[in-house]
Amino acid sequence: SQTIHQWPATLVQPVGSPLSLECTVEGTSNPNLYWYRQAAGRGLQLLFYSVGIGQISSEVPQNLSASRPQDRQFILSSKKLLLSDSGFYLCAWSVGIPGGYTFGSGTRLTVV
Amino acid sequence: GDSVTQMEGPVTLSEEAFLTINCTYTATGYPSLFWYVQYPGEGLQLLLKATKADDKGSNKGFEATYRKETTSFHLEKGSVQVSDSAVYFCALFTGTASKLTFGTGTRLQVTL
């Protein structure tokens, strides 16, 4: 079966510290992968998407970066976190139905 | 560019009441339309979809009809339950952009 794993579930980090969130998918190959952020009281903002290994498209200029070192692995990173990076980060993949995404369970990041 | 507008929440209803959550969109081309649901502390789940005008998507008692003439995709349910309490997101997908554009979400709270 096709599954998506995202970790950690929660994270509290100090301002200026680095960040690494990982997302992996199983049971599929060559998926489109996405990172979204949901800030408190706001909707979903697309941060990055990838259509293949090493291919990253950035939607919003910001303090974050993404990488796809393997077909089914998608990593969200930051060298120095800001308070404004706090939010709920969601990884998603799409293969098959255009627009039919499967989301991970999310990581709640609090920058203090 | 593509955009989705949802009614402001929160929406508070008593159990067994009728639900309508309005959604309108702006898009170039012919988008596919989706409703996603997010239960507390979880990621998003695909609720229903419609890929062309006049299609009706349905799932778990929820329905939405793709209305091209009014560029709308309103979500309805005849009798809500407490377990339907969640945040509902309307979204569109166009092949040219190859990504989902979400509305800001509408929180539904159902009480006994």
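These protein sequence lines are chains G and Z, in that order. Each residue of the first sequence is one higher than the one before, starting from 1 at the first, in the numbering used here. Each residue of the second sequence is one higher than the one before, starting from 113 at the first, in the numbering used here. The beta-carbon is built from N, C-alpha and C at its ideal position, and this holds for glycine as well.
Run of the beta strand (DSSP E) containing residue i, from where it starts to where it stops
| i | result |
| --- | --- |
| residue 5/G | 3-7 |
| residue 26/G | 19-26 |
| residue 69/G | 65-70 |
| residue 154/Z | Per DSSP, residue 154/Z belongs to no beta strand (DSSP E) and is neither H nor E. |
| residue 112/G | Run containing residue 112/G: none; DSSP gives neither H nor E here. |
| residue 211/Z | 211-214 |
| residue 115/Z | 115-118 |
| residue 179/Z | Residue 179/Z -> no beta strand (DSSP E), and no H or E assigned at all. |
| residue 171/Z | 168-171 |
| residue 203/Z | 198-206 |
| residue 34/G | 32-38 |
Residue i versus residue j - alpha carbon distance
| i | j | result |
| --- | --- | --- |
| residue 189/Z | residue 167/Z | 17 Å |
| residue 64/G | residue 78/G | 5 Å |
| residue 182/Z | residue 7/G | 41 Å |
| residue 68/G | residue 53/G | 5 Å |
| residue 186/G | residue 109/G | Since the first and last residues shown for chain G are 1 and 112, residue 186/G lies out of range. |
| residue 82/G | residue 3/G | 31 Å |
| residue 89/G | residue 25/G | 16 Å |
| residue 94/G | residue 207/Z | 13 Å |
| residue 186/Z | residue 214/Z | 14 Å |
| residue 50/G | residue 80/G | 23 Å |
| residue 71/G | residue 5/G | 14 Å |
| residue 58/G | residue 126/Z | 42 Å |
| residue 113/Z | residue 60/G | 15 Å |
Reduced DSSP secondary structure (H/G/I, E/B, other) of residue i
| i | result |
| --- | --- |
| residue 60/G | coil |
| residue 94/G | strand |
| residue 191/Z | coil |
| residue 105/G | coil |
| residue 224/Z | coil |
| residue 77/G | strand |
| residue 126/Z | strand |
| residue 84/G | helix |
| residue 225/Z | No answer is possible for residue 225/Z: the residues shown for chain Z start at 113 and end at 224. |
For residue i, the nearest candidate out of the options (CA to CA)
| i | options | result |
| --- | --- | --- |
| residue 98/G | 139/Z, 116/Z, 143/Z | 143/Z |
| residue 75/G | 82/G, 81/G, 66/G | 66/G |
| residue 106/G | 147/Z, 152/Z, 202/Z | 152/Z |
| residue 21/G | 84/G, 51/G, 73/G | 73/G |
| residue 115/Z | 217/Z, 203/Z, 221/Z | 203/Z |
| residue 161/Z | 13/G, 111/G, 101/G | 101/G |
| residue 35/G | 27/G, 45/G, 29/G | 45/G |
| residue 42/G | 169/Z, 200/Z, 126/Z, 129/Z | 200/Z |
| residue 205/Z | 147/Z, 198/Z, 125/Z, 129/Z | 147/Z |
| residue 111/G | 31/G, 10/G, 47/G | 10/G |
| residue 198/Z | 149/Z, 192/Z, 126/Z, 121/Z | 149/Z |
| residue 121/Z | 157/Z, 217/Z, 211/Z | 217/Z |
| If we count Cβ pairs, one from each stretch, closer than 8 Å, do we get three or more for the segment 165-183 of chain Z versus the segment 130-140 of chain Z? | yes
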